[in-house]
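Working notes, structure below.
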Amino acid sequence: MSSTSKDPKSTNSDTTVSLRISEIFHSLQGETSRSGLSTVFVRLTGCPLRCGYCDTAYAFTGGVHMTIAAILKQVANYKTHYVTVTGGEPLAQKSCLALLTALCDRNYSVSLETSGALDLSGVDPRVSKVMDIKTPGSGEMDKNHWANLEYLTPHDEVKFVLCDEADYQWARQIIKAYRLENRCPLLFSPVYGQLEPSVLADWILRDQVPVRLQIQLHKLLWGDGPGR
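All residue numbers for the sequence shown refer to our numbering, where the first residue is 5 and numbers rise by one.
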């Protein structure tokens with residue numbers, strides 16, 4: 005799966021198109037149905053949202069420009085089948101679409117973590133999209149791009165990050181209104197340090213909500229910091 009200038013799958017765009025990268029690191033996937041899997045994370049710089057609970061504000065600015073070829077080369081240093089492209093908001097950089105396709109072309113299993121505020125129609129269908137629906141507690145509910153629901157497939161996932169019970173009840177209403185359980189797997193995630201996971205678990209069991217409770221595994225293992 006390595007990528008070099010001699011790779012027959014390389015294209016001119018791999019060496020000419022660049023993106024601003026906050027970090028590339030190897031860790032265990034801490035969320036989604038891939039939780040626990042050895043994964044390379046490619047974190048792009050920049051985000052148009054400012055969620056109140058954001059834990060990656062360091063990726064709003066800075067970073068370094070890297071060509072797609074350079075990104076592929078660094079990813080290939082790690083012997084794993086799984087790659088997650090994240091941010092910030094990765095789709096805020098238009099060249100993210102080309103990066104996703106280049107990763108898929110090299111037979112990685114690729115997931116995209118996105119806020120749901122930007123158009124998903126151009127994302128390579130081989131990518132597993134993990135799309136947030138922003139709740140009232142996030143402070144960015146009005147940024148939800150509801151048309152994105154039409155681009156979800158069974159191998160995608162929808163995530164609700166919940167601040168409190170008001171967010172939880174709102175998320176239940178959205179699931180029912182859009183029949184989201186028929187589209188793809190659904191994730192409920194408590195805001196780290198704000199909503200106790202055990203409390204959220206009790207609500208889910210009480211109301212028999214068709215969701216997966218997820219706790220950020222990487223934070224349980226290593227705490228809240230970059231590169232994990």
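Even glycine gets a Cβ: it sits at the ideal position worked out from N, Cα and C.
Is residue i helix, strand or coil when you go by DSSP?
i, result
"K163", "strand"
"E35", "coil"
"L225", "helix"
"S6", "Model confidence at S6 stands at a pLDDT of 41, short of 50, so the residue's coordinates are unreliable; what they give is reported in the following sentence. In this structure, S6 counts as coil in the three-state DSSP scheme."
Considering just the uninterrupted stretch of the alpha helix (DSSP H) at residue i, what are its terminal residues?
i, result
"S202", "201 to 211"
"V79", "72 to 79"
Just the C-alpha distance for residue i and residue j, rounded to the nearest angstrom, thanks.
i, j, result
"L107", "L209", "38 Å"
"S180", "I25", "Per the sequence shown, the amino acid found at residue 180 is Lys instead of Ser. Looking at the two C-alpha atoms, the distance is approximately 38 Å."
"Y62", "E117", "17 Å"
"S99", "L153", "22 Å"
"Y86", "S193", "22 Å"
"G197", "V114", "29 Å"
"Y182", "Y155", "13 Å"
"E93", "W174", "23 Å"
Note the first and the last residue of the continuous beta strand (DSSP E) segment covering residue i.
i, result
"V21", "Segment: none, V21 is in no beta strand (DSSP E) and carries neither H nor E."
"P194", "190 to 194"
"D44", "In the sequence under discussion, the amino acid at residue 44 is Val, which differs from the Asp named in the question. Per DSSP, V44 belongs to the beta strand (DSSP E) from 42 to 48."
Go through its chain and collect everything with a Cβ distance to residue i's Cβ below 6 Å, but skip five positions before and after it.
i, result
"Q33", "S39, L41, T43"
"V21", "I72, S99, A102"
If you drop the 5 nearest sequence neighbours on each side, which residues of the same chain put their C-beta closer than 7 Å to that of residue i?
i, result
"E185", "I179, P214"
"M145", "K138, T139"
Leaving aside the five residues before and after residue i along the sequence, list all residues of the same chain whose C-beta is less than 8 Å from its C-beta, in chain order.
i, result
"N148", "G120, A121, I137, K138"
Those runs of the beta strand (DSSP E) which lie wholly inside the stretch 131 to 183 and span at least 3 residues: 132 to 136, 161 to 166
Where are the alpha helix (DSSP H) runs, 4 residues long or more, that stay fully inside the stretch 62 to 131, in chain order? 72 to 79, 100 to 109
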